[in-house]
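Going by the UniProt record's numbering, the first residue of the sequence shown is number 1, and it counts up by one from there.
Glycine residues also receive a C-beta, built at the ideal position from the N, C-alpha and C atoms.
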Amino acid sequence: MNKPTILLGAAAIVLIGATGWVVSQESSPQSITAPNEPDIQVGQALYGEYCASCHGDNLEGQQDWRSPGEDGRLPAPPHDETGHTWHHADRMLFDYTKRGGKAVLADQGVEFDSGMPGFGDDLGDEEIWNILAFIQSTWPERQRQLQAERTRFDNERGGN
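In structure tokens:
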């Protein structure tokens with residue numbers, strides 16, 4: 001391969017990557033701000049009303065949550081320490097709850113209907129934060145620390 005072809009190929013890769021990054025930044029919310037003092041009791045009540053039917057009264061999720069069902073969707077995962085909720089930054093958790101899995105994944109170039117509906121039409125931002133605070137309050141200290149670290153890293157990269 002000659003040098004101009006290699007340079008053109010490298011430039012194309014950089015351009016495609018930069019375009020993908022710009023699109024992802026434009027489509028993901030940048031002004032998500034958690035309240036200073038979320039209300040965990042309100043969050044627990046809202047969790048019972050909006051989330052427990054799929055994710056379980058005790059945050060245990062649905063059986064075989066790692067294996068797709070006949071419809072191709074994954075069952076609702078647990079929100080306790082046995083699941084993967086604590087692996088994600090606050091911004092992702094908020095966005096996933098507000099807009100739903102399909103929309104958030106589409107922003108990342110993934111065409112997949114996770115089965116998680118968006119609750120933005122039913123819940124206000126503060127209510128979503130209260131639910132997330134309740135879920136996080138149930139995790140052991142280690143998971144809370146790791147999730148907080150992930151959130152700090154996300155914020156440093158331009159999150160909320």
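In its own chain, which residues sit with a C-beta less than 6 Å from the C-beta of Glu70, not counting the 5 before and 5 after it? none
Thinking C-beta only, is Ser114 closer than 8 Å to Gly101? yes
Helix, strand or coil: how does DSSP classify Phe112 here? coil
Assuming contact is defined by CB atoms lying nearer than 8 Å, are Ile135 and Leu59 in contact in what I supplied? yes
Counted within 10 angstroms of its Cβ, other Cβ atoms place Ala35 as buried (16 or more) or exposed: Note that residue 35 is Pro in the sequence shown, not Ala. Per the 10 Å Cβ criterion, exposed.
Between the Cα of Trp129 and the Cα atoms of Gly109, Leu93, Leu105, which residue gives the shortest distance? Leu93
Is it buried or exposed for Arg157, if we count other Cβ within 10 angstroms and need 16 for buried? exposed
For residue 161, is the classification buried or exposed, using 16 other Cβ atoms within 10 angstroms of its Cβ as the cut-off for buried? Nothing can be reported for residue 161: it is not among the residues displayed for the chain, which extend from 1 to 160.
According to the neighbour-count rule (16 or more other Cβ atoms, all chains shown, within 10 Å of its Cβ), is Leu146 buried or exposed? exposed
Can you find the residues in the same chain that come closer than 6 Å, C-beta to C-beta, to Glu37, ignoring five residues on each side of it along the sequence? none
In chain order, what residues of the same chain have a beta carbon less than 7 Å from the beta carbon of Val104, not counting five sequence neighbours either side? Asp95, Tyr96
Kindly indicate the opening and closing residues of the alpha helix (DSSP H) around Asn130. 125-137
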